[in-house]
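Letter 50 of the sequence shown, counting from 1, is numbered 1224 in my numbering, and no numbers are missing. Each residue gets a CB set at the ideal place from its N, CA and C atoms; glycine is no exception. Computed from a predicted model, the values in this text were never measured in an experiment. Notes for the one structure printed next.
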Amino acid sequence: MTKGWTRREFIGQGLTAGMSLGMGAALTACGPRRTREPEEQMVGVGALEDELTIYNWSDYIGATTVSDFENEFGVRVIYDTYESNEDLLAKLQAGARGYDLICPTGYAVDVLRAFDLLAPIDRSVLTNWGNLSPEFLGRSFDPENRYTVPWLWGLTGIAYRADLVDPAPDSWGVFLDETYRGKMTQPDDMRDVIGCWLKYRGYSGNSTDPGQLAQAKADAIRAKQNLKSFVSAPVKDQLIAGDVWIAQLWNGDTAQARTEEPDVSFEIPREGSMMYLDSMAIPRSARHPKAAHAFLNFILRPEVAAGISDRSGYGSPNAGAIPLQTRVALTPTPEEFARLEYQEDLAEGTALWDRIWTEIKVG
Ligand code: SPD
């Protein structure tokens, strides 16, 4: 039903369903859910299509994952990247149809499913499925894993230059401190920025309480005066160059920066933080479902999953990959794990988050 929607129609449908878009970017889910019954997709074992188009986060794959797949399966891969769930959703919302595989975060899967934009996965051809660790299966955004294959998990924390910052920042409150004004960044990511300010005040990073969100907004606007910018992936180079000293950043991106600049360190703030699971999914408009399934089964091989985790610095949900990894990801201690909270769908609270994020960005 969503195929061929214009942006305006999509937004209109979203608002009808109780959804909203902030800054022309965030497509988020709440309100009435899809009506389509669960279904099976049977892709069978026939000849693969000769092409596969993947749309993934930047810096989020192994060094040879794509070329190894191309060589073994004789499929040409077109690989494109994005920097946020909002970018991904906006692209799909604008009617992009060329993608065979995408990599949304859990709460974005909720949105895609609500709009019936995902095709079910044929698990019968995923012979390597059993390598996945059970703790990453059956998450709330896809309880039966009908639509998603876990890819990587990560968390947001504070990356900083240990040679330039003293003491080490251990609180989200560092972004309110003028000492490092102009040398700090936060990601261009609504869920992470508002989430951190909620955590700072002791609330859930998924809160939809208007009073708590008003407090988070006030903190975020105050912190913004001290920021160089809201920036996501490019901040790695800025940390390496010393243009940025303190950044709210994801653990894997921090690990990537650290391979070039050993003084890049990482802290999980004492108030706690958010974690997430990103998963591969097949858009309903995919043109190469057999090749997509072949790729999914390929990345479920332990050695392939290990290569993806090693290169990106993010945690692998593949239990078989862990002993094969050559680089240990920046992994939380059990005590730090206890302070982490999964980012979940905001449902009816989405419109309020969108509005607050808009106000933060223009405030
Ligand atoms: N460079 C890849 C970063 C992937 C981050 N994905 C999840 C973001 C959740 N807010």
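Item	Value
Locate the beta strand (DSSP E) running through arginine 1250, then write down its first and last residues.	1250-1256
Go through its chain and collect everything with a Cβ distance to glycine 1328's Cβ below 8 Å, but skip five positions before and after it.	Trp1424, Asn1425, Gly1426, Met1449, Tyr1450, Asp1452, Tyr1488, Gly1489
From the DSSP output, read off the bridge partner residues of proline 1324.	Ser1453
Are the Cβ atoms of threonine 1359 and leucine 1401 separated by less than 7 Å?	yes
CB of tyrosine 1281 to nearest heavy atom of ligand 1: below 6 Å?	no
Hey, is aspartate 1366 close to ligand 1, as in C-beta under 6 Å from one of its heavy atoms?	yes
Taking only beta-carbon atoms, is threonine 1227 less than 7 Å away from chain B?	In the structure shown, chain B does not exist; there is a single protein chain.
Mind pulling the alpha helix (DSSP H) runs of 4 or more residues that sit fully within the region 1275-1313?	1280-1288
Any chance the region 1346-1360 sits against the region 1489-1508, with 3 or more Cβ pairs inside 8 Å?	no
Any chance you could list the alpha helix (DSSP H) runs of at least 4 consecutive residues sitting entirely within the region 1360-1412, in chain order?	1364-1374, 1384-1398
Determine whether the beta carbon atoms of alanine 1333 and arginine 1485 lie at a separation below 7 Å.	no
As a quick exercise: from Asp1437, Asp1393, Glu1244, pick the residue whose alpha carbon is nearest that of arginine 1375.	Asp1393
Counting C-beta neighbours from all protein chains within 10 Å, is the total for isoleucine 1442 16 or more, i.e. buried, or is it exposed?	buried
Taking 6 Å as the cut-off, is the beta-carbon of tyrosine 1229 closer than that to any non-hydrogen atom of ligand 1?	no
Whose CA, out of Tyr1354, Ala1455, Asp1437, Glu1223, lies closest to the CA of arginine 1287?	Ala1455
Are the CB atoms of serine 1258 and aspartate 1366 nearer to each other than 7 Å?	no
If you draw a straight line from the C-alpha of aspartate 1344 to the C-alpha of arginine 1444, how long is it?	6 Å
Is it buried or exposed for valine 1536, if we count other Cβ within 10 angstroms and need 16 for buried?	exposed
Report whether the distance from the Cβ of tryptophan 1325 to the nearest heavy atom of ligand 1 is below 6 Å.	no
Using three-state DSSP, classify phenylalanine 1511 as helix, strand or coil.	helix
By how many angstroms is the C-alpha of glycine 1248 removed from the C-alpha of glycine 1379?	44 Å
Just to check, is the beta-carbon of tyrosine 1450 closer than 6 Å to a non-hydrogen atom of ligand 1?	yes
Give the C-beta separation of leucine 1413 and valine 1438 to the nearest angstrom, bearing in mind that I take them to be a contact with Cβ-Cβ under 8 Å.	5 Å
Tell whether a beta-carbon distance below 7 Å holds between proline 1476 and asparagine 1492.	yes
Relative to the C-alpha of alanine 1431, which residue among Gly1416, Lys1410, Lys1373, Ala1421 is closest?	Lys1410
Indicate whether aspartate 1242 and histidine 1462 have their beta-carbon atoms separated by less than 7 Å.	no
Is the CB-CB distance between glycine 1272 and threonine 1227 below 7 Å?	yes
Among the residues of its own chain, which have a CB less than 6 Å from the CB of tyrosine 1229, if the five just before and after it don't count?	Asp1254, Tyr1273, Ile1276
Return the bridge partner residues of arginine 1335 from the DSSP annotation.	Val1438
Between lysine 1391 and the rest of its own chain, which residues show a CB-CB distance below 7 Å, the 5 nearest in sequence each way excluded?	Ile1530, Glu1533, Ile1534
So for tryptophan 1531, helix, strand or coil by DSSP?	helix
Enumerate in chain order the residues of its own chain whose CB-to-CB distance from leucine 1292 is below 7 Å, with the five nearest sequence positions on each side excluded.	Leu1286, Tyr1321, Ala1455, Ile1456, Pro1457, Arg1458
Over the uninterrupted alpha helix (DSSP H) stretch that includes glutamine 1267, give me the two end residues.	1259-1267
Under 6 Å: does the beta carbon of tryptophan 1424 sit that close to some heavy atom of ligand 1?	yes
Looking at C-alpha atoms only, which residue of Ala1429, Ala1460, Tyr1516, Trp1419 is the closest neighbour of alanine 1134?	This structure does not reach residue 1134, given that the chain is present from 1175 up to 1537, and the question cannot be answered.
Cα separation between arginine 1181 and isoleucine 1295?	Confidence at arginine 1181 is low in this model, with a pLDDT of 24, below 50, so its placement is unreliable and the value that follows should be read with caution. Each residue's Cα considered, the two are about 27 Å apart.
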